[in-house]
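If you're matching positions, the sequence shown starts at 3 in the working numbering and goes up one per residue. To keep things clear, I will list the structure first and then write my remarks on it.
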Amino acid sequence: MTSSSASSASAAAAAVGASEHQQQQQQQQQHQKRPPPAVASSSSGGGGGAKSGKGGGSGLGVGPGGGISPSDALYTFDPSRLSALRSAAPWKSDPRYFKSVSVSPTAAMKMLTHCHSGVEKGLKKGGNPIEVMGLMLGRPEDAEGSRSLVVTDAFPLPIEGFETRVIADDEDVVNHMIKLTESMERTRREKVMGWYHSHPFDVTTHSHCFLSQTDVTTQLQWQRMEDPHGNPFLAVVVDPLRSLAKSEPVMKAFRVYPPEYSSPIRDECPDGAIVREEQTRLEMWGSCWNRYHELEVRYHMSDAARTVMSVLTKNFLWMRT
Numbered sequence: 003m004t005s006s007s008a009s010s011a012s013a014a015a016a017a018v019g020a021s022e023h024q025q026q027q028q029q030q031q032q033h034q035k036r037p038p039p040a041v042a043s044s045s046s047g048g049g050g051g052a053k054s055g056k057g058g059g060s061g062l063g064v065g066p067g068g069g070i071s072p073s074d075a076l077y078t079f080d081p082s083r084l085s086a087l088r089s090a091a092p093w094k095s096d097p098r099y100f101k102s103v104s105v106s107p108t109a110a111m112k113m114l115t116h117c118h119s120g121v122e123k124g125l126k127k128g129g130n131p132i133e134v135m136g137l138m139l140g141r142p143e144d145a146e147g148s149r150s151l152v153v154t155d156a157f158p159l160p161i162e163g164f165e166t167r168v169i170a171d172d173e174d175v176v177n178h179m180i181k182l183t184e185s186m187e188r189t190r191r192e193k194v195m196g197w198y199h200s201h202p203f204d205v206t207t208h209s210h211c212f213l214s215q216t217d218v219t220t221q222l223q224w225q226r227m228e229d230p231h232g233n234p235f236l237a238v239v240v241d242p243l244r245s246l247a248k249s250e251p252v253m254k255a256f257r258v259y260p261p262e263y264s265s266p267i268r269d270e271c272p273d274g275a276i277v278r279e280e281q282t283r284l285e286m287w288g289s290c291w292n293r294y295h296e297l298e299v300r301y302h303m304s305d306a307a308r309t310v311m312s313v314l315t316k317n318f319l320w321m322r323t
């Protein structure tokens, strides 16, 4: 990400953070007057609301013991448990608390489509692919010690960047993010919990999914603003050209270390590998290779969606096995 993009993102972060925290206080006062529903459903394609009922009424698969199947578990959450996790905020004392990220098909598709559109737009103008940016919706999850972040949806931002300049109006970006956040607060039970952007560089030996110095600074600002309030923030980098070349999503998720933290393992890279050659570390992870760590990216799909995709794959080759 360029420095101009970062300034837009930082200004927007401050405004959105203030808006979110003010709305949280208002919602807490409202919730004191009425108890929350026992279980909330986070639909990956639309507004998340409370769902109840038996059998097909909930739209969720049933597991062997009569409960929700493992494939559908990430589409539901217990509000009281989530609230307790946000209040405890164990990630504040453990910089490497989170181990993985679970991304819904909707979020993955929207991020990839947005990033690919930046490539096409730049090339159509006879120039280089355009770097784009957006926000992610989701929540932290600690069920069965998973220590994961769940990404349920993604939304593009009106920011377009090139290697040397950026087309972005700070006021427009801030207003867009505030309106988006307010809309999500009214219609969804998740929060804006991360940002994504593309590194549309030519395909080389290594993927371009890493955090630059500017990216690390931007992510650290987000974490300082959101983490203490029970909303651990995530950074995702998408490599759109490599995704096209490999015909599969190429994206990586990261969290930044606080300035006072240093890895106890010498020459440890963000993915946990020990790389002694400095040039290799720089090529793979950038100049800030020791200031952030990678979270494993997984993709979750409901039983119903998997059944539909299986039929489409068999009949129309929609999804490669």
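We treat Cβ as the ideally placed atom computed from N, Cα and C, and that holds for glycine.
For a test of the three-state rule: what should DSSP assign to residue i, helix, strand or coil?
| i | result |
| --- | --- |
| arginine 141 | strand |
| tyrosine 99 | coil |
| methionine 111 | helix |
| glutamate 192 | coil |
| aspartate 241 | coil |
| leucine 284 | helix |
| tyrosine 294 | strand |
| threonine 207 | coil |
| histidine 199 | strand |
| arginine 257 | strand |
| glycine 163 | strand |
| tyrosine 263 | coil |
| alanine 156 | strand |
| serine 249 | coil |
| valine 299 | strand |
| valine 175 | helix |
| glycine 128 | coil |
| glycine 274 | coil |
| glutamate 228 | helix |
| glutamate 133 | strand |
Have a look at the options and flag the residue whose alpha-carbon is nearest the alpha-carbon of residue i.
| i | options | result |
| --- | --- | --- |
| asparagine 292 | His118, Val218, Pro142, Tyr77 | Val218 |
| aspartate 304 | Phe100, Val205, Leu243, Ser104 | The question names aspartate, yet the displayed sequence has serine at residue 304. Answer by Cα proximity: Ser104. |
| tyrosine 259 | Ala275, Glu250, Leu236, Ser245 | Leu236 |
| lysine 248 | Ser185, Glu228, Thr206 | Thr206 |
| proline 261 | Val240, Gln221, Glu280, Lys254 | Gln221 |
| glutamate 285 | Phe203, Ile132, Ser265, Gly196 | Phe203 |
| tyrosine 301 | Lys254, Gly128, Leu246 | Lys254 |
Is it buried or exposed for residue i, if we count other Cβ within 10 angstroms and need 16 for buried?
| i | result |
| --- | --- |
| glycine 163 | buried |
| lysine 126 | exposed |
| glutamine 1 | Here the chain covers residues 3 to 323 and nothing more, so residue 1 does not appear. |
| glycine 48 | Its pLDDT being 35, under 50, glycine 48 is placed unreliably by the model, and nothing is read from it. |
| histidine 1 | Because residue 1 is not part of the residues shown, which for the chain are 3 to 323, the question remains open. |
| isoleucine 276 | exposed |
| glycine 68 | For glycine 68, the predicted model reports a pLDDT of 48, less than 50, meaning its position is unreliable and no value from the coordinates is stated. |
| glycine 120 | buried |
| arginine 36 | In this prediction, arginine 36 scores a pLDDT of 39, lower than 50, which makes its location untrustworthy; the coordinate-derived value is nonetheless stated afterwards. Under this definition arginine 36 is an exposed residue. |
What distance in whole Å lies between the Cβ atoms of residue j and residue i, which are believed to be in contact at a cut-off of 8 Å?
| i | j | result |
| --- | --- | --- |
| serine 106 | threonine 154 | 5 Å |
| glycine 136 | tyrosine 77 | Actually they do not touch by this definition, with Cβ atoms about 22 Å apart. |
| glutamate 192 | arginine 257 | About 18 Å; that fails the 8 Å criterion. |
| arginine 1 | valine 238 | Here the chain covers residues 3 to 323 and nothing more, so residue 1 does not appear. |
| glycine 288 | alanine 91 | Not confirmed; about 28 Å, so no contact. |
| methionine 113 | leucine 151 | Methionine 113 to leucine 151, Cβ: 15 Å. No contact. |
Taking CB distances under 9 Å as the criterion, tell me whether residue i reaches chain D.
| i | result |
| --- | --- |
| isoleucine 267 | As a matter of chain content, chain D is missing from the structure shown, which is built from one protein chain. |
I'd like to confirm something about residue i: is its beta-carbon nearer than 8 Å to some heavy atom of the ligand HEM, or not?
| i | result |
| --- | --- |
| tryptophan 93 | Among the components modelled here there is no ligand, and therefore nothing to report on the ligand HEM. |
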